[in-house]
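Residue numbers (the numbering used here): 50 to 189.
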């Protein structure tokens, strides 16, 4: 199950030949993934023909949570990701033929309710660069 909440807020300021736009956006993704492979049991067949004929070679009966508690939800991947973005841009109408756009964006991702994986947390990480710039021009 994935539940996503989003929000967006922006405003424009008009000054001469410039249109300044400022804003922020927010996104929260809550994920709950309960996948228990063979949790209640497993059928095994020797061949596809045996499967089609319903001839089971082996069957294993299992009880989720037996010996380790009774809450199968404890095996779920349950996590959230928040992302907050701030931006500012300028649209400059230089003349009737040329428009120049430029801006900055800053994104801040944040994991919440996340399991720590020892192998991953000890691995080298890439340096995060949450800021980005953009520029463009249009000639008409």
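Glycine included, C-beta positions come from ideal geometry on N, C-alpha and C.
Since the model is a prediction, treat every value here as computed from it, not as a measurement.
- Under DSSP, residue 93 forms a beta bridge with 107.
- Cβ-Cβ distances below 6 Å link residue 69 to 62, 139 in the same chain, with the five nearest sequence neighbours on each side left out; the list follows chain order.
- Non-local C-beta neighbours of residue 73 in its own chain, meaning closer than 6 Å and more than five positions away in sequence, comprise 58, 135, ordered along the chain.
- Cβ neighbours of residue 186 within its own chain (closer than 8 Å, five residues either side excluded): 147, 148, 149, 150.
- Counting along the chain, residue 186 sits inside the beta strand (DSSP E) bounded by residues 180–188.
- Each residue's CA atom was taken as its position, placing residue 127 and residue 103 some 37 Å apart.
- Membership of residue 125 in any beta strand (DSSP E) is not indicated, and neither H nor E is assigned to it by DSSP.
- The beta carbon of residue 92 lies closer than 7 Å to those of 105, 108 in the same chain, with the five residues before and after it left out.
- In the DSSP annotation of this structure, the continuous segment of the beta strand (DSSP E) that includes residue 64 starts and ends at 51–64.
- Looking at the backbone, the Cα of residue 181 and that of residue 156 are separated by about 8 Å.
- In this structure, residue 145 keeps its C-beta atom at 7 Å or more from the C-beta atom of residue 79.
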